[in-house]
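Residue 261, in my numbering, is where the sequence shown stops; the numbers in between run on with no holes.
Glycine residues also receive a C-beta, built at the ideal position from the N, C-alpha and C atoms.
Note that this is a predicted model, so its numbers are computed, not measured.
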Amino acid sequence: MSRTRSRTAPLDPACVAAVDLARSAIEETVGPDQVGEHLGVEGEGERVVTHHFACLDHAYRGWRWAVTVARASRARNVTVSEVVLLPGAGALLPPEWVPWSERLRPGDLGVGDLLPTAADDDRLAPGFTETADDSDRQMIFEYGLGRARVLSPIGRDRAVRRWHSGESGPHTPLAHAAPAQCSTCGFYWPLAGALGTGFGVCTNEYAPDDGRVVAADHGCGAHSEAAVLPHQVEPTSPILDDLAYDHLPEDSPEADLAGSADLAGSVDDTDTEPLGHS
């Protein structure tokens, strides 16, 4: 088995020699002060080459001028096809363009804005099976399934991952400090359908997630069964100031004098002044 070899067309000598023609084409566009030295030539095809020149514009450092010249078959004159400015190594480039549908983030939609959904959006699935019977279609619509499209399993799984890992999921400081999970709270209203096993809506007006979808294993301090425990007062031992008096042994003379003074009292019995009582 033989390999196929790609043959490169030889450079046309007349086109290669047209350096001055290529330079003059750039100077007619931007002026001679914007064109630098000739950087080389590159073959584009049969009798078609591109001359590269350095760009001296301070706003386009690292860029280069590219002038493509060509010569018709059996013609002597070389003509200019196009003049462009191309980025080189180290050139400052703008960020890659991203479609608006990929730049959109939650919360960007404002009042009056419309967000069309693509027909092949994998988050949605057909709402009902097409049927020719008008009575069957009316019955399906009355059950609330008459929408053109409903949530697909892919869209449901994305919502589950997004909600469970967000601020209303179990991995937040608020949920870690909660006394219990939302699934045991009286203000927790489960969603209908398959999402009801793991998510619901908070209906407590004092909770931070009031009116929002919360995970069943989320939680906050406004749990319906949260109880404030009474403050436990532990008795403390009395504090005695041992520096204010001295301890005396019971059999010491000083202790006998202190005891006799206590028995005598602090009122002088010899005083004849009336004390105001009988």
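If you follow the beta strand (DSSP E) that residue i is in, where does it begin and where does it stop?
| i | result |
| --- | --- |
| Arg132 | Arg132 to Leu134 |
| Glu27 | Val18 to Gly28 |
| Leu157 | Segment Pro156 to His159 is the alpha helix (DSSP H) holding Leu157; no beta strand (DSSP E) there. |
| Thr33 | Val31 to Cys38 |
| Ala175 | Here Ala175 belongs to no beta strand (DSSP E), and DSSP marks it neither H nor E. |
| Pro(-4) | No beta strand (DSSP E) holds Pro(-4); the alpha helix (DSSP H) holding it covers Pro(-4) to Val(-1). |
| Val197 | Val196 to Ala198 |
| Val184 | Phe182 to Cys185 |
So the candidates are the options; which of them puts its Cα closest to the Cα of residue i?
| i | options | result |
| --- | --- | --- |
| Gly179 | Ala42, Val13 and Asp200 | Asp200 |
| Trp46 | Thr62, Gly71 and Glu27 | Gly71 |
| Ala108 | Ala131, Ala42 and Asn60 | Ala131 |
| Ser66 | Val13, Thr219 and Pro162 | Residue identity differs from the one stated: residue 66 is Val in this sequence, not Ser. Of Val13, Thr219 and Pro162, the residue nearest in Cα terms is Val13. |
| Gly110 | Gly95, Pro136 and Asp96 | Pro136 |
| Asp40 | Val63, Gly90 and Val18 | Val18 |
| Ala53 | Arg30, Ala177, Ala42 and Ala5 | Arg30 |
| Gly204 | Ala158, Thr51, His147 and Gly138 | Ala158 |
| Ser84 | Leu75, Pro99, Ser56 and Ala74 | Pro99 |
| Ala(-3) | Val196, Val61, Gly73 and Leu97 | Val61 |
| Trp48 | Val32, Leu69 and Val63 | Leu69 |
| Glu150 | Gly73, Leu87 and Asp193 | Asp193 |
| Ala74 | Asp91, Arg44 and Ala102 | Arg44 |
To the nearest angstrom, how far is the alpha carbon of residue i from that of residue j?
| i | j | result |
| --- | --- | --- |
| Val(-1) | Val24 | 7 angstroms |
| Tyr171 | His154 | 18 angstroms |
| Phe182 | Glu79 | 38 angstroms |
| Cys168 | Thr186 | 10 angstroms |
| Gly28 | Asp16 | 31 angstroms |
| Pro82 | Gly93 | 19 angstroms |
| Gly2 | His21 | The displayed chain sequence assigns Val, not Gly, to residue 2. Each residue's Cα considered, the two are about 8 angstroms apart. |
| Gly95 | Pro89 | 16 angstroms |
| Pro191 | Asp105 | 33 angstroms |
| Leu76 | Ser56 | 38 angstroms |
| Leu4 | Thr51 | 10 angstroms |
| Arg139 | Ala177 | 9 angstroms |
| Ala198 | Glu208 | 18 angstroms |
| Thr114 | Ala163 | Any reading at Thr114 is ruled out, since the residue's pLDDT is 49, under 50, leaving its predicted position unreliable. |
| His147 | Ser220 | 51 angstroms |
How should residue i be labelled, buried or exposed, when 16 other C-beta atoms within 10 angstroms of its C-beta is the threshold for buried?
| i | result |
| --- | --- |
| Glu125 | Confidence in Glu125 is poor, its pLDDT being 47 and thus under 50, which makes the residue's placement unreliable; the coordinate value appears in the next sentence. Classification of Glu125: exposed, given that the 10 Å Cβ count is below 16. |
| Ile9 | buried |
| His271 | Past the boundaries of the shown model lies residue 271; the chain is included only from -16 to 261, so the question cannot be answered. |
| Ala58 | exposed |
| Asp(-5) | buried |
| Pro(-7) | exposed |
Spell out the partners DSSP gives residue i in its beta bridges.
| i | result |
| --- | --- |
| Thr62 | Ala53 |
| Cys165 | Bridge partners of Cys165: none, in fact. |
| Pro70 | Trp46 |
| Tyr171 | Cys185 |
Got a sec, what are the start and stop residues for the alpha helix (DSSP H) residue i sits in?
| i | result |
| --- | --- |
| Leu107 | No alpha helix (DSSP H) contains Leu107, which is instead part of the beta strand (DSSP E) from Leu107 to Pro109. |
| Ala101 | No alpha helix (DSSP H) holds Ala101; DSSP gives it neither H nor E. |
Quick check on residue i - is its C-beta less than 8 angstroms from some C-beta in chain B?
| i | result |
| --- | --- |
| Arg54 | Here there is only one protein chain, and chain B is not present. |
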